[in-house]
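Undergrad: Let me give you the structure first, and then I'll get to my questions.
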Amino acid sequence: MINSGDTAFVMICTALVCMMTPALALFYGGMVREKNTTTILMQNFICMGVVGLLWVFGGFSLVFGHDIGGVVGNITQYFGLSHIGAKVHPQAPHIPFMLFFAYQMMFAVITPALMTGAFACRFRFGPYLKFLVLWTILVYFPVAHWIWGGGFLAKLGVVDFAGGIVIHTTAGFGAIVCAVFLGHRKLQPGENEKPTNIPMIAMATGLLWFGWFGFNAGGTYAANTQSSYAFLNTFLAGAIAMLVWIFWETRGGKKPNFTGSLVGAVAGLATITPAAGYVDPAAALVIGALGATACFFAKHIQHYFKFDDALEVFRAHGVGGMVGALLIGVFANAAVGGIHAGIHQFLVQLLAIVIVAIYTVVITWVILKFLNSCSPIRVSEQEEMVGLDLVEHDEPAYQRTLYK
1001 MINSGDTAFV MICTALVCMM TPALALFYGG MVREKNTTTI LMQNFICMGV
1051 VGLLWVFGGF SLVFGHDIGG VVGNITQYFG LSHIGAKVHP QAPHIPFMLF
1101 FAYQMMFAVI TPALMTGAFA CRFRFGPYLK FLVLWTILVY FPVAHWIWGG
1151 GFLAKLGVVD FAGGIVIHTT AGFGAIVCAV FLGHRKLQPG ENEKPTNIPM
1201 IAMATGLLWF GWFGFNAGGT YAANTQSSYA FLNTFLAGAI AMLVWIFWET
1251 RGGKKPNFTG SLVGAVAGLA TITPAAGYVD PAAALVIGAL GATACFFAKH
1301 IQHYFKFDDA LEVFRAHGVG GMVGALLIGV FANAAVGGIH AGIHQFLVQL
1351 LAIVIVAIYT VVITWVILKF LNSCSPIRVS EQEEMVGLDL VEHDEPAYQR
1401 TLYK
């Protein structure tokens, strides 16, 4: 039966998660060189249009339709909003079905947007749109079904409260593949890679953190005790991660970096995401600290393999999501979310991460190879030097860019 309080709560959470995609656009927009600001904003915002329509025309069905062989949902069941109305869905028995549809749509929208930070300044807009469509259909929809839609991983006992595997692991490994495939960015003599607009990054981090309360707490589809745990855990993990990041960054007499502290907070938020509704607040503090530590030292992975993940998507989101998903097996408290910690839970979580990571890498690479065989997906070196705002959109974010 529909509960008005739960419905209002999930409506607010849905709006908060929707806000996170524009907030992510601002976060990335402040990080990139100013001549590519409009481009990164566009790549993020366009996800709201493209993925939103994909969700209506088949996406929701592929994720939450009747299970077909544990791999994918029945695409015809809810295609074009069929059978989606005021009645409830079994996974959200206290809110209208259409609201469950809308809430889950926001997760689908933000997932491919996360990857844009990895290939910033290099991807042509036309091929990017095709990549967005294919990646969402071939990677996000199947993986979301495997875990959230009753697929084979869910049947094995894998849990992911708000997307550490479904969202952050897929986006993180997709980011690596894109960065490797597109190659390194080109810098003009004297040009640096420092953030263009730190105040914008700070504002965006605040909006992301604010939206993350809906991202995590809304996963219960009810205003209840479990959602309260998820709400508090979200703040605590982000708070301690910020401090831990600064601790590691200032070792050896280095000065505290404001941008780094913001990235640390995001890393903590990403780490608690899969575990938010399964652990108590004390565990959330430990998870946030461990997540920040793992994400901080993951810079060595990027340095070792020398891939140009421009805004370090894999480091903050991929590593954070994986660590949080694994720590469910260590810190899950059955009194909070009904999941028991233990070696079995840890191992099924690990298995899910390995399967999803391998699948994401292979499919993402195939998509990029296919698109590049049709037409070059990377801009030319000359176009990159000019900047994609002018080359791709003829619309610089800062008018002074025109006169440089």
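Taking this note's numbering, the leading residue of the sequence shown gets 1001, the next gets one more, and so forth. The C-beta atom is built at its ideal place from N, Cα and C for all residues, glycine as well. As the structure is a computational prediction, the values presented were derived from the model and not from experiment.
Go ahead and pull the three-state DSSP assignment for His-1184.
TA: The residue given as residue 1184 occupies position 184 in the sequence shown. Looking at His-1184 - three-state DSSP - the assignment turns out to be coil, as it is neither helix nor strand.
Undergrad: By how many angstroms is the C-alpha of Glu-1392 removed from the C-alpha of Thr-1116?
TA: Along the sequence shown, read from residue 1 onward, the residue named residue 1116 stands at position 116. Along the sequence shown, read from residue 1 onward, the residue named residue 1392 stands at position 392. If I take the Cα positions, the gap works out to 15 Å.
Undergrad: Just to confirm, are Val-1244 and Thr-1205 a CB contact at a threshold of 8 Å?
TA: Taking the sequence shown and counting its residues from 1, the one referred to as residue 1244 is at position 244. Taking the sequence shown and counting its residues from 1, the one referred to as residue 1205 is at position 205. No, Cβ-Cβ distance for Val-1244 and Thr-1205 is not below 8 Å.
Undergrad: Any beta carbon of chain C sitting closer than 8 Å to that of Gly-1052?
TA: This model lacks chain C altogether; it includes just one protein chain.
Undergrad: Using the C-alpha atoms, what's the distance from Phe-1079 back to Gln-1382?
TA: Reading the sequence shown from its first residue, position 382 is the one you call residue 1382. Reading the sequence shown from its first residue, position 79 is the one you call residue 1079. Rounded to whole angstroms, Gln-1382 to Phe-1079 spans 44 Å at the Cα level.
Undergrad: So Asp-1006 is in the alpha helix (DSSP H); what residue range does that whole segment cover?
TA: Start at 1 with the first residue of the sequence shown, and residue 1006 comes out as number 6. Here the alpha helix (DSSP H) through Asp-1006 covers 1004-1031.
Undergrad: Which same chain residues end up closer than 7 Å to Val-1109 when comparing Cβ atoms and leaving out the 5 residues on each side of it in sequence?
TA: Here the question's residue 1109 lines up with position 109 in the sequence shown. Around Val-1109: Thr-1021, Cys-1047, Met-1048, Val-1051, Gly-1052.
Undergrad: What is the residue span of the alpha helix (DSSP H) that Ser-1373 lies within?
TA: Counted from its first residue, the sequence shown places residue 1373 at position 373. Unbroken alpha helix (DSSP H) run through Ser-1373: 1343-1374.
Undergrad: Would you mind sorting Leu-1269 into buried or exposed? The rule is 16 or more other CB atoms within 10 Å of its CB.
TA: In the sequence shown, the residue the question calls residue 1269 occupies position 269. Leu-1269 comes out buried.
Undergrad: Which stretch, first to last residue, makes up the alpha helix (DSSP H) that contains Ser-1228?
TA: Taking the first residue of the sequence shown as position 1, residue 1228 is located at position 228. Here the alpha helix (DSSP H) through Ser-1228 covers 1225-1249.
Undergrad: What span of residues does the alpha helix (DSSP H) with Gly-1320 cover, start to end?
TA: Within the sequence shown, numbered from 1, the residue matching residue 1320 stands at position 320. It spans 1319-1331 - the alpha helix (DSSP H) in which Gly-1320 sits, taken as one unbroken run.
Undergrad: Count the other CB atoms within 10 Å of the CB of Tyr-1403; is the residue buried (16 or more) or exposed (fewer)?
TA: Within the sequence shown, the letter at position 403 stands for residue 1403. Note that Tyr-1403 has pLDDT 45, beneath the 50 cutoff, so the model's placement of it is unreliable and the number below is only indicative. Answer is exposed; the Cβ neighbour count stays below 16.
Undergrad: What is the DSSP secondary structure of Lys-1404, counted as helix, strand or coil?
TA: Taking the first residue of the sequence shown as 1, we reach residue 1404 at position 404. With a pLDDT of only 48 at Lys-1404, under 50, the local geometry of the prediction cannot be trusted, and no value is derived from it.
Undergrad: Count the other CB atoms, across all protein chains shown, that sit within 10 Å of the CB of Asp-1309; report buried if there are 16 or more and exposed otherwise.
TA: Here residue 1309 is taken as the residue at index 309 of the sequence shown, counted from 1. Result: buried.
Undergrad: Which residues in the same chain as Ile-1198 place their Cβ atom closer than 7 Å to its Cβ, once the five residues preceding and following it in sequence are excluded?
TA: Here the question's residue 1198 lines up with position 198 in the sequence shown. Gly-1030, Phe-1258, Thr-1259, listed in sequence order.
Undergrad: When we look at the beta-carbon of Val-1354 and count the other beta-carbons within 10 Å, is it buried (16 or more) or exposed?
TA: Translated into positions along the sequence shown, residue 1354 becomes position 354. Looking at its Cβ environment, which holds fewer than 16 other Cβ atoms inside 10 Å, Val-1354 is exposed.
Undergrad: So within the stretch 1041-1081, which uninterrupted alpha helix (DSSP H) runs reach at least 4 residues, ignoring any that extend past its ends?
TA: Counting only runs of 4 or more, we get 1060-1064.
Undergrad: With a threshold of 16 other CB atoms inside 10 Å of the CB of Cys-1374, please say whether the residue is buried or exposed.
TA: Counted from its first residue, the sequence shown places residue 1374 at position 374. Result: exposed.
Undergrad: At what residues does the alpha helix (DSSP H) containing Val-1336 begin and finish?
TA: The count along the sequence shown starts at 1 and reaches residue 1336 at position 336. Note, Val-1336: alpha helix (DSSP H), 1334-1337.
Undergrad: Taking only the alpha-carbon atoms, compute the straight-line gap between Leu-1350 and Leu-1326 and give it to the nearest angstrom.
TA: Mapped onto the sequence shown, residue 1350 falls at position 350. Mapped onto the sequence shown, residue 1326 falls at position 326. Going by the C-alpha atoms only, they are around 6 Å apart.
Undergrad: According to DSSP, what are the bridge partners of His-1089?
TA: Counting from one through the sequence shown, the residue named residue 1089 turns up at place 89. Answer is Ala-1092, bridged to His-1089.
Undergrad: Can you tell me where the alpha helix (DSSP H) with Val-1166 in it begins and where it stops?
TA: Position 166 of the sequence shown, counted from the first residue, corresponds to residue 1166. Element bounds for Val-1166: n/a, residue is neither H nor E.
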